[in-house]
Amino acid sequence: MTLDQIGLIAGFVCTLLIFSYLLGDNFLYRLAIYAFAGITAGYVTVVTVESVILPWIRGTFGSGDPIGLVVGAVPLVLGVLLLLKSVNRYQRAGNIALAVLIGVGAAVGLVGAISGTLLPVMRDTVETLRPGDNAESNIALVNGFIIIGGVMCTLVYFGRIARRGPDGAPQRPRLFGRFISTLGQGFVVIALGALYGGAILTGLTILSERLAFIFLTIGGG
Amino acid sequence: MGRIATLIASALAISIGLIVLVGLLTGSTLAGLTGLVLQIAVITAAMTVLIGVLNLLILHLRRIFGRERGIIYSITLVVSFLLVIALYVLDQPDARRVVLEDVAVSIESTLSALLVFALVYGAYRLMRRRVTWAAVLFTAIVLITLLGAVPLSQLALLEQLRAWILAVPASAGARGLLLGIALAAIIAGMRVLIGQERAVRE
Chain A
1 MTLDQIGLIA GFVCTLLIFS YLLGDNFLYR LAIYAFAGIT AGYVTVVTVE SVILPWIRGT
61 FGSGDPIGLV VGAVPLVLGV LLLLKSVNRY QRAGNIALAV LIGVGAAVGL VGAISGTLLP
121 VMRDTVETLR PGDNAESNIA LVNGFIIIGG VMCTLVYFGR IARRGPDGAP QRPRLFGRFI
181 STLGQGFVVI ALGALYGGAI LTGLTILSER LAFIFLTIGG G
Chain B
1 MGRIATLIAS ALAISIGLIV LVGLLTGSTL AGLTGLVLQI AVITAAMTVL IGVLNLLILH
61 LRRIFGRERG IIYSITLVVS FLLVIALYVL DQPDARRVVL EDVAVSIEST LSALLVFALV
121 YGAYRLMRRR VTWAAVLFTA IVLITLLGAV PLSQLALLEQ LRAWILAVPA SAGARGLLLG
181 IALAAIIAGM RVLIGQERAV RE
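Keeping their order, the protein sequence lines are chains A and B.
For what it's worth, the numbering used here labels the leading residue of the first sequence as 1, then goes sequentially.
For what it's worth, the numbering used here labels the leading residue of the second sequence as 1, then goes sequentially.
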């Protein structure tokens, strides 16, 4: 039996084990899930060591430069500090390593949110009001206004659910604010409904592929 | 002592955050230092992943040696973990491919396929629990998205409606969601940089 045939049979068996969940949570399903968790943990370990940690160690400790040695030791020390978080007595020492991660994460997240999401989405949204000079430009312009209005209503809706009074309860806006906010909620519901439908379609595609795999394997195709 | 450690952690988070922020925004004066700090953060994050895996293994080894309930699952997890590591150490690329592509990908895609049942059941439960205008709109949009994807000439109108919904109102809602997330990320980042975030202070 070749390695490819073993792989085919293993894939077939694993597919059936996971599909057994349709009969309810059972031993075979759990076995496959735990095997998957183990394989994923092993794969993550291999990739992390091979692609991230070893190149760093080679580049710093392997250079022989004293500054490189010190710099190379910094993340390793931070890693040890993180390990100390599980020891009650030295738990606070781990906060130093977390502080480094949170500080870097906050700065990268801030820059990423501004340059990667906020500015491009705003620019792209405003662009919808410049449909061009073709025959359907009027329809495109109306659509552009709907998009801009929808975005504004959605942001008003977020503002409303985020605004809270001194007692912690959401503040009730005036009638106009409530109307705009309800419109915004409608746009959010439409977006989530479309995403949900898209997820079902994707799942159906994968399901048909899996069923085809099962029938082809049984038929020896 | 604890207060000093908290102060050091807060000062470290703020100073490192500001260095990275200035370095990323200006791109010149602090670029070298920013690059180094980012590299250190990436390696530290990689260490946290390894610590997570180690924690997982310790948990399951405890279950195995303590002969606790569900020992067979823990043995399966540890054995499959060791199998992947062994195939890497013994340098067996073909066997590794079988384990990763044929086994792991099969399980992953079958789990994604199972998601269909959960999603459809979720939509059904939504309408059964409480009928609100938002629930009705949500279900209608899901149905239009699904039926509009069926390639039948009788459903051409539904297909056009689906395309319009995806391009205009759904797009507007998604843009609003993205902007909301971005604004929340900016506020969270700013709170860390001015030392107001509880996660850093505690």
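Quick reminder that beta carbons are idealized off the backbone N, C-alpha and C, glycines included.
The structure presented is a predicted model; accordingly, all values stated were derived computationally and were not measured.
Taking CB atoms only, Arg92(A) has a neighbour in chain B less than 8 Å away.
In this structure, the alpha-carbon of Trp56(A) lies about 8 Å from that of Ile43(B). Under the DSSP assignment, Met122(A) falls in the alpha helix (DSSP H) whose first and last residues are 119 to 127. Annotation: Gly68(A) to Gly62(A) spans about 9 Å, alpha carbon to alpha carbon. In the displayed model, Met1(A) falls within coil according to three-state DSSP, outside both helix and strand. Under the three-state reduction of DSSP, Glu197(B) is assigned to coil, being neither helix nor strand. For Val70(A), not one C-beta of chain B is nearer than 8 Å to its own C-beta. The stretch 182 to 201 of chain B and the stretch 109 to 117 of chain A touch, with three or more beta-carbon pairs separated by less than 8 Å. At least one CB atom of chain B sits nearer than 8 Å to the CB of Gly79(A).
With fewer than 16 other Cβ atoms from the protein chains shown falling within 10 Å of its own Cβ, Asp124(A) counts as exposed. Interface residue (Cβ-Cβ distance to chain B less than 8 Å): Asn95(A) is classified as such. Per DSSP, reduced to three states, the secondary structure at Pro166(A) is coil, with no helix or strand assignment. Nearest CB-CB separation between Met47(B) and chain A: below the 8 Å threshold. With respect to the C-alpha of Ile148(A), the residue from Leu16(A), Leu175(A), Gly184(A), Ile102(A) having the closest C-alpha is Gly184(A).
Taking 8 Å as the cut-off, the Cβ atoms of Ala46(B) and Ile53(A) count as close.
CA-CA distance, Phe81(B) to Ile33(A), rounds to 13 Å. Residue contact check for Leu175(A) against chain B: no CB pair falls below 8 Å. Assignment of alpha helix (DSSP H) within the stretch 28 to 71 of chain A, counting only whole runs of 4 or more residues, yields 54 to 60 in chain order.
With a contact defined as Cβ atoms closer than 8 Å, Leu158(B) and Leu18(B) miss out at about 54 Å. The beta-carbon of Ala35(A) is placed less than 8 Å from the nearest beta-carbon of chain B.
Neighbours of Thr76(B) across chain A, judged by C-beta separation under 7 Å: Leu31, Tyr34, Ala35, Gly38.
Taking 8 Å as the cut-off, the Cβ atoms of Ala135(B) and Phe187(A) do not count as close. Here the stretch 38 to 52 of chain A does not lie against the stretch 119 to 130 of chain B, with fewer than 3 beta-carbon pairs under 8 Å apart. The beta carbons of Thr139(B) and Leu155(B) sit no closer together than 8 Å. Relative to the Cα of Arg97(B), the nearest Cα in the group Thr205(A), Thr15(A), Gly7(A), Thr2(A) belongs to Gly7(A).
Note that the C-beta distance between Gly103(A) and Ile144(B) is not below 8 Å. Scanning Phe65(B), Ile186(B), Leu114(B) for the CA closest to the CA of Leu22(A) turns up Leu114(B).
Between Ser106(B) and Cys153(A), the C-beta spacing is not below 8 Å.
Counting along the chain, the unbroken alpha helix (DSSP H) around Gly203(A) starts and ends at 175 to 219. The Cβ atoms of Leu24(B) and Thr34(B) lie closer than 8 Å to each other. Contact with chain B is absent for Thr217(A), since none of that chain's Cβ atoms lies less than 8 Å from the residue's Cβ. The distance from the Cβ of Thr76(B) to that of Leu31(A) is about 6 Å, consistent with a contact at the 8 Å cut-off. Following the DSSP letters along the chain, one finds Arg62(B) inside the alpha helix (DSSP H) bounded by residues 31 to 65. In the DSSP assignment, Arg97(B) falls within the alpha helix (DSSP H) that extends over 93 to 97. Taking 8 Å as the cut-off, the beta carbon of Ile200(A) is found closer than this to the beta carbon of Leu146(B). Look at the stretch 77 to 130 of chain B and you find these whole runs of alpha helix (DSSP H), each 4 residues long or longer: 93 to 97, 105 to 129.
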